[in-house]
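Here the structure is laid out as structure tokens; the discussion comes afterwards.
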Amino acid sequence: MIFRINSGKVLKSKWIKFPECFLRRISVGCHNINEREITPGTKKTIESHWRERISRGEYKDDTKREKHYILSMFPYPSGNLHMGHVRVYTISDAMARFYRMCGKEVLHPMGWDAFGLPAENAARQRGIPAEEWTERNIKTMKDQLMRLGCSFDWTREIATCHPDYYKWTQWLFLKLYREGLTYQREALVNWDPVDETVLANEQVDADGCSWRSGAKVEKRLLKQWFIRTTRYAKELLEGLDNPLLQDWKDIIDIQKHWIGECDGYSFDLEVVSKRSGLKPVLSTINLWHSHPEVMKKVSFVGITKNHPLAKDSEDLLVKNPFTDQEIPLVITDDDKFPPKCDAYLGISKEFPVDVSDRSEILRKAQELGIGGFPVNSKLRDWLISRQRSWGTPIPIVHCSSCGAVPIPEDQLPVTLSDLQEGKVFCPKCQNPEAQREKDTMDTFVDSSWYFLRYLDPRNDQQIFRKDLSLKTMPVDLYIGGKEHAELHLYYARFMNHFLHSHGLVPHPEPFRRLLVQGMVMGRSFRIKGSGKYIPESEVDIIDEKKNKAVKKATGDPVVVTWEKMSKSKLNGVDPEDVIDELGIDTTRLVILGDVAPFSHRNWSRGTFPGLINWQRRLWLTVHDFCQLKRDAQAGKILKKEEKFAEEEAKLKDSRNYHVSRTTLNFRHSHYLSVAISKMQGFTNSIRRAPQYVVQCGSEYQRALATQIVMLAPLAPHFASELWVRFVEVAEKSSDNTFAWDKDVLEQQWPEVDSDFQLELVAKVNGLELASVKILRSKLDEMTREEAAEVALKQPKIIKFIGSKKVLDTVVEFFPGLEIRANVIVERSQKKKKEKVDPETG
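Numbers in our numbering are just positions in the sequence shown, counted from 1, shifted up by 6.
This is the structure in structure tokens:
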């Protein structure tokens with residue numbers, strides 16, 4: 007087939023023959039754009055042209071390619087994206103596109119954490135149903151995410167408020183119930199008087215205030231549902247040392263601190279009354295001890311004067327199932343209470359510890375379902391009851407004859423409309439006067455397993471197919487904010503450990519790698535003294551560097567700080583405004599550039615020009631290359647000079663170097679800001695090439711193609727347009743590295759040449775002291791022992807170690823990129839100040 011390629015100038019038109027396959031596969035760019043300088047209008051035209059073509063992200067279950075599961079925490083549908091959303095989903099999209107280009111079958115789903123108090127309150131204020139409010143917000147946010155160019159697999163979209171989702175949350179509840187891991191009990195709970203609901207201990211801050219309303223929390227005695235998360239405390243603690251976990255960094259410490267050392271055992275013992283007619287306010291009391299064998303020697307239970315049972319303590323007894331005795335309650339102010347406990351096991355006198363009793367006591371406690379598992383004294387079971395209507399109904403019916411009765415699985419879901427029923431039949435005895443449980447579940451229950459529903463979201467017969475779970479789990483990269491590193495992560499790990507114990511998932515840990523992104527911070531302005539926030543439009547900046555400013559109208563001094571974006575602080579930025587001004591891909595580059603994903607991002611216009619100018623230089627580079635290649639096709643070939651080979655060699659070296667560093671920062675360190683910086687340096691190298699190399703150099707063509715391909719995950723619309731323009735004039739027969747008949751996002755991620763020298767980086771106690779250049783072909787074949795031997799032979803390493811004892815040599819492989827050998831030696835008493843590797847920390 008013959009095609010006419012028009013360069014934009016009538017006299018430069020040229021008839022060129024392309025293979026049929028090329029014409030079938032590659033997309034057509036915006037041929038009506040021919041200017042050398044790119045404008046904001048041009049960017050919008052490009053993004054509009056490519057939007058539909060580049061937004062697909064469907065995952066194929068039956069693929070033979072290696073899977074890679076990239077998950078970003080699903081959002082609460084508040085109605086509008088904020089800059090924090092833009093950051094996390096741009097990061098996840100860039101990583102998803104990168105791994106697709108690396109040949110992986112990438113699962114990159116999206117859904118909505120749709121239940122919860124904010125939606126209920128917002129809907130009530132507007133006089134509309136919570137469901138209507140939520141669905142409207144989901145549509146708005148979905149449209150915004152699609153505009154952002156994110157390649158989610160929308161065929162797997164879920165919302166926790168839909169019955170086809172919460173049916174399976176209820177199924178999980180019942181599965182836990184049958185195992186004795188959900189139970190209902192009276193408890194002194196945290197009551198939010200503003201939101202009128204119970205809060206878990208984790209939802210109350212250090213000042214005793216609600217995490218959401220800010221109200222001072224009250225204590226109330228209510229009958230509540232719990233999930234016995236303490237059953238898996240030890241497994242969850244030990245799981246944090248699982249070698250499967252990578253890049254968890256300080257999140258491991260946060261999780262370990264939350265769980266605590268499992269240095270004792272807890273027991274739930276029954277409380278009974280000595281007086282007829284007196285019903286204890288609590289039917290059980292939780293007791294913890296580091297030596298469970300004392301259960302055979304206990305003579306009383308000590309409680310604080312503020313304990314709920316303190317008022318009737320003289321008329322109450324605690325049943326000890328291990329001795330069949332009833333022991334008294336004693337109010338005491340002594341110091342024998344374990345940390346965070348308001349009761350303890352009292353021993354009247356010293357006794358010898360008989361460890362042989364331990365296994366018997368623990369076995370019996372577990373059989374009775376009253377505890378007996380290793381746990382820290384401060385860790386409590388998960389209180390999941392919420393007195394709200396916009397949540398997952400608890401699938402329980404209360405019968406006067408049978409007590410709490412679970413709903414049969416074939417009658418799930420119990421819908422929100424079902425909760426409006428008065429009386430229902432008891433599933434066990436058919437008593438027509440039974441009552442449905444009116445409490446709903448904490449939204450953390452919904453989000454404790456959502457990553458598993460993505461595997462099989464349309465299955466109405468199973469929670470998910472086991473074969474899909476075994477193939478796809480664990481999640482390879484989980485991206486989200488640090489605010490969820492404690493509670494959500496703990497509950498998700500618990501649920502996955504539970505499902506793993508039943509063989510439904512392949513690993514106890516659900517998430518392999520974490521990328522915990524920092525917040526997007528806005529500059530706020532407060533009048534000094536009063537602390538009143540004012541908008542930036544009312545401020546005169548006197549000294550930008552020193553943050554000196556005054557209020558325009560009065561001259562009053564203004565305090566300038568960087569804070570989390572908030573409407574109340576008048577420092578928020580609307581993503582729609584940013585995209586309208588900069589364009590989608592520039593917004594993506596700005597949110598990813600300059601600052602590593604893990605760090606807080608100060609949203610400053612001062613960072614815009616560098617990235618906008620980079621886009622401009624890339625556009626100019628491709629435009630000029632196309633123009634010179636068309637001139638060459640028309641017979642105007644510039645003469646190759648003597649330095650041609652030398653310039654080409656420089657480009658080859660630059661390409662290999664920048665591919666290795668960019669890939670390292672994508673695949674291993676996740677420093678996307680450094681990857682962008684490396685690519686900007688690569689663009690500078692390409693633009694330094696002389697005209698005759700641009701026009702005739704095969705290495706130049708390969709370098710420019712590589713640059714566009716590496717840009718694609720970050721700026722997919724822009725890179726797609728650059729690629730089709732580049733491909734129109736590229737000499738395809740001279741280079742089979744690229745799939746010339748495919749779009750840029752279908753290209754294979756560039757690799758370092760086998761004859762390029764990569765580094766073996768040698769360190770001592772984390773301090774880099776030497777590096778050795780080795781051919782990639784040899785480096786790839788090196789064993790850990792060989793790498794360690796090379797590192798130990800370096801003169802600087804030998805000199806630094808001196809007479810110190812070598813304890814170990816830890817070798818890290820970054821395939822096709824480099825090897826790092828870290829020699830661990832005994833440290834001297836006086837520690838040397840060591841430099842920190844900016845890419846590894």
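Virtual Cβ for every residue (Gly too), placed ideally from N, Cα, C.
Since the model is a prediction, treat every value here as computed from it, not as a measurement.
Q. Just the Cα atoms here: how many angstroms apart are V735 and D659?
A. 24 Å
Q: Pick out whichever of I804, M116, E752 and Y663 has its Cα sitting closest to the Cα of D761.
A: Y663
Q) Does the distance from the CB of Y539 to the CB of K575 come in under 7 Å? A) yes
Q) If you draw a straight line from the C-alpha of W217 to the C-alpha of G122, how long is it? A) 14 Å
Q: Rounded to whole angstroms, what's the CA-CA distance from V511 to P480? Just pull it up for me.
A: 8 Å
**Q.** DSSP-derived helix/strand/coil call for L29
**A.** Low per-residue confidence applies at L29: pLDDT is 35, beneath 50, and the placement is therefore not dependable enough to give any value.
Q. For G85, which residues of its own chain have a beta-carbon under 8 Å away from its beta-carbon, when the five flanking residues on both sides are left out?
A. R142, N143, T146 and M147
Q. Nearest to F744 by alpha carbon, out of S777, Q707, V816 and L77?
A. Q707
Q) Sorted by chain position, which residues of the same chain lie with C-beta nearer than 6 Å to V816's C-beta, five sequence neighbours on each side aside? A) N828
Q. To which residues does DSSP link W231 through a beta bridge?
A. Q190
Q: Determine the DSSP secondary structure at G509, reduced to helix, strand or coil.
A: coil
Q. Residues in its own chain within less than 8 Å of D340 by CB, not counting five upstream and five downstream?
A. G308
Q. For K285, which residues from the same chain have a beta carbon less than 8 Å from its beta carbon, with the 5 sequence-adjacent residues on both sides left out?
A. S279
Q: Just the C-alpha distance for I390 and D546, rounded to the nearest angstrom, thanks.
A: 50 Å
**Q.** Extent of the continuous beta strand (DSSP E) to which G90 belongs
**A.** Looking at the DSSP string, G90 is not in any beta strand (DSSP E); the run it does join, the alpha helix (DSSP H), is M89 to M107.
Q. Going straight from the alpha carbon of R833 to that of L813, what length do you get?
A. 10 Å
(Q) Please give the ranges of any beta strand (DSSP E) in the segment 334-393, keeping only runs that are unbroken, at least 3 residues long and fully inside the region. (A) 349-352 and 377-381
Q: For Q800, name the three-state secondary structure that DSSP assigns.
A: coil
Q) Is DSSP giving V564 helix, strand or coil here? A) strand
**Q.** Span of the beta strand (DSSP E) around R532
**A.** V526 to I533
(Q) Could you check whether the segment 515-525 touches the segment 589-605, counting it as contact only if at least three pairs of C-beta atoms, one from each stretch, sit closer than 8 Å? (A) yes
Q. Where does E202 fall in DSSP's three states?
A. coil
Q. Would you call the CB atoms of L728 and L598 closer than 7 Å?
A. no
**Q.** First and last residue of the uninterrupted beta strand (DSSP E) at Q523
**A.** F517 to Q523
Q) Would DSSP call K222 helix, strand or coil? A) strand
Q. If you follow the alpha helix (DSSP H) that I597 is part of, which residue opens it and which one closes it?
A. I590 to L598
Q.
I'd like to confirm the pairing. Which residues does DSSP put opposite I58 in its beta bridges?
A. The sequence shown places Glu at residue 58, not Ile. Answer is none; E58 lacks a bridge partner.
Q: To the nearest angstrom, report how far apart V831 and F806 are at their CA atoms.
A: 10 Å
**Q.** M116 - DSSP class collapsed to helix/strand/coil
**A.** strand
(Q) Taking its Cβ as the centre, do 16 or more other Cβ atoms sit within 10 Å of Q467, making it buried, or is it exposed? (A) exposed
Q | Distance between A349 and K225 (C-alpha atoms, nearest Å) | A | 17 Å
Q: Within the same chain, show all residues whose beta-carbon is closer than 6 Å to that of C27, passing over the 5 residues directly before and after it, in chain order.
A: With a pLDDT of only 38 at C27, under the threshold of 50, the placement of this residue in the model should not be trusted, and no figure is reported.
Q) Cα separation between C167 and L422? A) 9 Å
Q: Could you please give the first and the last residue of the uninterrupted beta strand (DSSP E) stretch that includes C702?
A: Not the beta strand (DSSP E): C702 falls in the alpha helix (DSSP H), residues Q697 to C702.
Q) Among residues of its own chain, excluding the 5 on either side of W177, which ones have a beta-carbon nearer than 7 Å to its beta-carbon? A) E415, L418 and I469
Q) Going by other Cβ atoms of all chains shown within 10 Å of its Cβ, with 16 needed for buried, is A651 buried or exposed? A) exposed
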